[in-house]
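Visitor:
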Amino acid sequence: MDQPLIVRLGGIRAVSALAVELLIILGFILMLPVTLIVEAMIAAHPTVEIHDEAHVLQVDSLSQSIERLTFSKDVHVAVLTLPGKDVKNLNDEVLEYARASNSTDVPWISPKNPRYWANGLVILAVAPQARFVGCYFGEDVKVSLQEQAEIQNVAKNALRSQDWDKGITLMAQESAQRLGSGRQIGYAMGAAVMSVLGLVWLAFLLHRGRRNRKLDARARRSYSEVTHDYDATELMARTLPPEEPHSAQVLARYNWFLREYEKVTRDFAELGEPRGAQWYSDRVGRLTAKLARRSAVLDTLDDVIANASALLTMSSRWEEAWRTETGPVREDLASLLTLTDRVAEAGALDVTPVRAWVREQSRWLAQITIDLRERTMSPSQALRELDRMSDRIRATAERLVKDALDADTSRYAEARRRRYQDRRSFVRQRPYNGNWSLAGIQGSYDPCSTIRLNPSSPGQQAVDSASLGSVFNTAPLSDLIVGYSNAADYTPASSSGSSFDGSGSSSSFSSGSSFSGSGSSSSF
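In our numbering, the protein residues as written are 3 to 526.
1) Return the chain-ordered list of same chain residues with a C-beta closer than 7 angstroms to the C-beta of Ser510, the five sequence neighbours on each side being excluded.
2) Locate the alpha helix (DSSP H) running through Thr49, then write down its first and last residues.
3) Go through the region 38 to 117 residue by residue and report every complete run of the alpha helix (DSSP H) that reaches 4 residues or more, in order.
4) Is it buried or exposed, Glu176, if we count other Cβ atoms within 10 angstroms and call 16 or more buried?
5) How far does the beta strand (DSSP E) with Gly445 in it reach, from first residue to last?
6) Reducing DSSP to helix, strand and coil, say where Phe502 ends up.
7) For Ala477, name the three-state secondary structure that DSSP assigns.
8) What residue range does the beta strand (DSSP E) around Phe134 cover?
9) Candidates Pro494, Met316 and Glu264: which alpha carbon is nearest Lys297's?
10) Sort Ala358, Gly485, Tyr256 and Pro457 by Cα distance to Asp424 and report the nearest one.
11) In three-state DSSP terms, what is Gly436?
12) From the DSSP output, in three-state form, read off Ser524 for me.
13) Note down, one range per segment and in chain order, each alpha helix (DSSP H) of at least 4 residues found wholly within the region 349 to 429.
14) Quick test of the definition: if touching needs 3 or more C-beta pairs under 8 angstroms, does the region 150 to 161 touch the region 52 to 64?
15) Which partner residues does Ile125 have in the DSSP bridge list?
16) Over what stretch of residues does the alpha helix (DSSP H) that includes Gly29 continue unbroken?
17) Inspect the beta-carbon positions of Leu335 and Gln363 and report whether they are closer than 8 angstroms.
18) Excluding the 5 residues preceding and the 5 following Ala399 in the sequence, name in chain order all residues of the same chain whose CB lies nearer than 7 angstroms to its CB.
19) Using a Cβ-Cβ cut-off of 7 angstroms (strictly less than) and excluding sequence neighbours within five positions of Thr267, which residues of its own chain qualify?
20) Please list the terminal residues of the continuous alpha helix (DSSP H) segment that includes Lys292.
21) With C-beta atoms as the reference, is Phe270 less than 8 angstroms away from Tyr225?
22) Compute the distance between the beta-carbons of Ser382 and His248, then report whether it is under 8 angstroms.
23) Give me the DSSP bridge partner(s) of Trp320.
24) Return the first residue and the last residue of the alpha helix (DSSP H) that Asn456 is part of.
25) With respect to the alpha helix (DSSP H) encompassing Gln175, which residues constitute its N-terminal and C-terminal limits?
26) Would you call Phe206 buried or exposed, if buried means 16 or more other Cβ atoms sit within 10 Å of its Cβ?
27) Give me the Cβ distance between Arg255 and Ala464, rounded to the nearest whole Å; I'm assuming they're in contact under 8 angstroms.
28) Helix, strand or coil for Gly184 per DSSP?
29) Hey, out of Val306, Leu59 and Arg332, whose CA is closest to Asp165's CA?
30) If you draw a straight line from the C-alpha of Trp324 to the C-alpha of Leu28, how long is it?
31) Note down the Cα distance separating Cys137 from Phe30, rounded to an integer number of angstroms.
32) Shortest alpha-carbon distance to Ala1 belongs to which of Pro330, Asn121, Arg285 and Trp366?
33) Straight-line CA distance for Ala441 to Arg212?
34) To the nearest angstrom, how far is it from the Cα of Arg401 to the Cα of Ala384?
35) Provide the residue span of the alpha helix (DSSP H) that contains Leu247, from first to last.
In structure tokens form, the structure reads like this:
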């Protein structure tokens with residue numbers, strides 16, 4: 003019998019939560035188009051009057067051009083041209099014309115406050131022979147001095163070419179844009195930000211659904227492999243001698259493996275089988291992420307147990323397990339060679355003995371492998387030898403760094419030594435890379451599956467809580483090399499100062515001492 007549709011979609015709760023989230027996202031996305039539509043709906047064509055006292059304009063065509071423009075609010079555009087070369091101050095001339103003329107369609111000066119231009123008024127003025135251009139605004143439509151200068155500047159090329167109609171039309175177009183650059187553009191920018199956030203949110207939601215599916219598939223794949231190998235892992239764990247130190251810490255991790263497997267099984271039961279809208283929920287995302295990580299750890303830990311059993315019992319897979327086990331040591335030897343190269347660049351220390359020692363250790367690793375193959379060395383002895391080698395490699399590297407820093411005789415030597423010591427306290431331990439290159443031979447291994455503990459080993463908390471005494475835990479040399487490189491290249495910063503001298507100018511409205519209307523003029 004088919005399940006109800008709502009169940010196949012993920013259930014009422016999941017569907018409702020997803021629907022609410024999608025509605026919110028849709029509201030964010032629609033913010034910009036709705037804002038633009040509303041602004042377009044409230045946009046208005048201006049009323050126009052032209053007073054061509056200089057007789058240079060095509061009045062009818064200019065009036066029609068300006069009337070076709072759209073402003074963000076109701077605006078009355080007044081165009082004024084003034085004749086004569088004796089115009090010295092266009093601001094005063096425009097103000098005097100406004101006060102003296104009775105022929106304007108609307109009052110240019112505010113009836114309520116004669117110190118300002120009338121509300122909703124934009125005056126575009128040109129004195130062709132005196133070569134002045136200006137723009138003036140009512141208090142409710144005024145723009146900044148910088149914007150006034152830009153309105154004037156867009157017209158100047160046309161005015162210099164005596165294309166008066168084009169110059170004034172350009173000023174009117176720029177004024178229309180500038181009048182929308184305040185609150186309206188602020189609204190549009192805010193709406194654009196909200197719409198972008200909505201799109202990002204939608205992309206994140208879709209990504210979350212895909213990611214949750216991938217994490218769930220990865221978690222179930224790892225868990226399935228662990229379950230498939232569960233009995234075999236138990237059998238291999240029984241082959242490990244509990245009295246052997248390395249075997250004991252692997253068994254401690256195996257006991258943790260058993261407890262963790264039970265917990266993961268319960269968590270999978272809690273997760274169930276997500277479907278439909280459930281894939282997009284935070285809860286499913288958190289559970290699948292945790293299960294993917296924990297299942298991968300379990301899957302890796304059963305490889306550790308398999309390697310330990312293979313090596314300690316010298317089964318048919320012992321050489322493969324041994325190659326994995328020597329991986330961190332070989333990677334550290336390769337890192338030590340890299341360190342010698344870095345020290346050699348400074349030129350103050352002979353690194354030849356260290357390089358020879360690295361070659362000797364590589365040969366000793368090969369000899370251990372032969373001894374294991376010939377059964378003249380036990381696996382436990384071989385693992386203890388790897389522990390000793392790791393200790394000696396780190397000690398050699400630390401001594402080389404100290405000698406290299408002590409050999410530094412530059413004026414920054416003491417600062418570099420302090421920097422190295424300070425940084426050692428704060429360095430975050432990196433994992434092994436899983437790759438090495440020595441004497442032209444390259445190799446790779448999985449740091450997570452070694453018997454000996456390293457930063458990538460799964461289940462370390464079980465070893466820490468178990469009463470096993472001192473357990474060797476190796477760590478890569480990469481942090482030490484990075485610390486030395488940072489110190490060796492360190493040069494204390496020197497202070498420097500700078501100063502800037504600049505100049506600028508702006509046009510402003512100036513006329514009688516009692517008038518404070520917004521506007522300015524400039525020459526062209």
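In this text, a Cβ means the ideal position worked out from N, Cα and C, and glycines have one as well. The model shown is predicted, which means the values in this text are computed figures rather than measured ones.
Guide: In terms of the structure at hand:
1) Along the sequence shown, read from residue 1 onward, the residue named residue 510 stands at position 508. Low confidence applies to Ser510: its pLDDT is 42, below 50, so where it sits in the model is not reliable, and the reading given next is rough at best. Leu147 and Ser522, listed in sequence order.
2) Against the sequence shown, residue 49 aligns to sequence position 47. Careful: Thr49 lies outside any alpha helix (DSSP H), inside the beta strand (DSSP E) at Thr49 to Asp54.
3) 61 to 69 and 92 to 102
4) Here the question's residue 176 lines up with position 174 in the sequence shown. It counts as buried.
5) Numbered from 1 along the sequence shown, position 443 holds the residue referred to as residue 445. Looking at the DSSP string, the run of the beta strand (DSSP E) that includes Gly445 is Ile443 to Ser446.
6) Here residue 502 is taken as the residue at index 500 of the sequence shown, counted from 1. At Phe502, the pLDDT of 26 sits below 50, so the modelled position is not reliable; the number obtained from the coordinates is stated separately. In the structure shown, Phe502 sits in coil (DSSP, three-state: anything other than H, G, I, E or B).
7) On the sequence shown, position 475 is the one that residue 477 refers to. DSSP, read as helix, strand or coil, puts Ala477 in coil.
8) The sequence position of residue 134 within the sequence shown is 132, counting from 1. Element bounds for Phe134: Phe134 to Phe139.
9) Walking along the sequence shown from the start, residue 297 turns up at place 295. Here the sequence assigns Ser to residue 297, which means Lys is not the residue at that position. Out of Pro494, Met316 and Glu264, Glu264 has the C-alpha closest to the C-alpha of Ser297.
10) As a working mapping, residue 424 is identified with position 422 in the sequence shown. Looking from the CA of Asp424, the closest CA among Ala358, Gly485, Tyr256 and Pro457 belongs to Gly485.
11) Translated into positions along the sequence shown, residue 436 becomes position 434. Correct three-state label for Gly436: coil.
12) For this step, residue 524 is matched to residue 522 along the sequence shown. Reduced to three states, the DSSP call for Ser524 is strand.
13) Correct list: 354 to 375, 381 to 408 and 415 to 426.
14) Inter-segment contact for the region 150 to 161 and the region 52 to 64 is absent: fewer than three beta-carbon pairs are separated by less than 8 angstroms.
15) Within the sequence shown, residue 125 is the residue found at index 123, counting from 1. DSSP lists Ala80 and Tyr138 as partners of Ile125.
16) Within the sequence shown, residue 29 is the residue found at index 27, counting from 1. Boundaries of the alpha helix (DSSP H) around Gly29: Ile14 to Ile31.
17) Residue numbering aside, residue 335 sits at position 333 when the sequence shown is read from its first letter. Residue numbering aside, residue 363 sits at position 361 when the sequence shown is read from its first letter. Result yes, Cβ atoms of Leu335 and Gln363 sit closer than 8 angstroms.
18) Walking along the sequence shown from the start, residue 399 turns up at place 397. For Ala399, where only same-chain residues beyond five positions count, the Cβ hits under 7 angstroms are Leu338, Leu341, Leu479 and Leu482.
19) As a working note, residue 267 is residue 265 in the sequence shown. Answer for Thr267: no residue qualifies.
20) Here residue 292 refers to the residue found at position 290 of the sequence shown. Run containing Lys292: Asp284 to Leu314, per the alpha helix (DSSP H) assignment.
21) Locating residue 270 in the sequence shown gives position 268, where the first residue counts as 1. Locating residue 225 in the sequence shown gives position 223, where the first residue counts as 1. Cβ distance < 8 angstroms, so Phe270 and Tyr225 count as in contact.
22) Counting from one through the sequence shown, the residue named residue 382 turns up at place 380. Counting from one through the sequence shown, the residue named residue 248 turns up at place 246. Contact flag set, yes.
23) The sequence position of residue 320 within the sequence shown is 318, counting from 1. Answer is none; Trp320 lacks a bridge partner.
24) Translated into positions along the sequence shown, residue 456 becomes position 454. Counting along the chain, Asn456 falls outside any alpha helix (DSSP H), and DSSP gives it neither H nor E.
25) Residue 175 sits at position 173 when you count from the first residue of the sequence shown. From DSSP, the alpha helix (DSSP H) with Gln175 extends over Trp166 to Leu181.
26) Looking up residue 206 in the sequence shown gives position 204. By the neighbour-count rule (16 or more Cβ atoms within 10 Å), Phe206 is not buried but exposed.
27) On the sequence shown, position 253 is the one that residue 255 refers to. On the sequence shown, position 462 is the one that residue 464 refers to. Rounded to the nearest angstrom, the Cβ distance from Arg255 to Ala464 is 5 angstroms, consistent with a contact under 8 angstroms.
28) Position 182 of the sequence shown, counting from 1, holds the residue named residue 184. Because Gly184 carries a pLDDT of 48, less than 50, the predicted location of this residue cannot be relied on, and no value is offered for it.
29) Here residue 165 is taken as the residue at index 163 of the sequence shown, counted from 1. Asp165 has its Cα closest to that of Leu59, out of Val306, Leu59 and Arg332.
30) One-based indexing of the sequence shown puts residue 324 at position 322. One-based indexing of the sequence shown puts residue 28 at position 26. Going by C-alpha positions, Trp324 is about 58 angstroms away from Leu28.
31) If you number the sequence shown from 1, residue 137 lands on position 135. If you number the sequence shown from 1, residue 30 lands on position 28. About 39 angstroms.
32) One cannot answer for residue 1 here, as it falls past the ends of the chain, which runs 3 to 526.
33) For this step, residue 441 is matched to residue 439 along the sequence shown. For this step, residue 212 is matched to residue 210 along the sequence shown. Near 45 angstroms, if we compare the C-alpha coordinates of Arg212 and Ala441.
34) Walking along the sequence shown from the start, residue 401 turns up at place 399. Walking along the sequence shown from the start, residue 384 turns up at place 382. Going from the Cα of Arg401 to the Cα of Ala384 covers about 26 angstroms.
35) In the sequence shown, the residue the question calls residue 247 occupies position 245. The sequence shown places Pro at residue 247, not Leu. Pro247 to Leu273 is the span of the alpha helix (DSSP H), which, as asked, contains Pro247.
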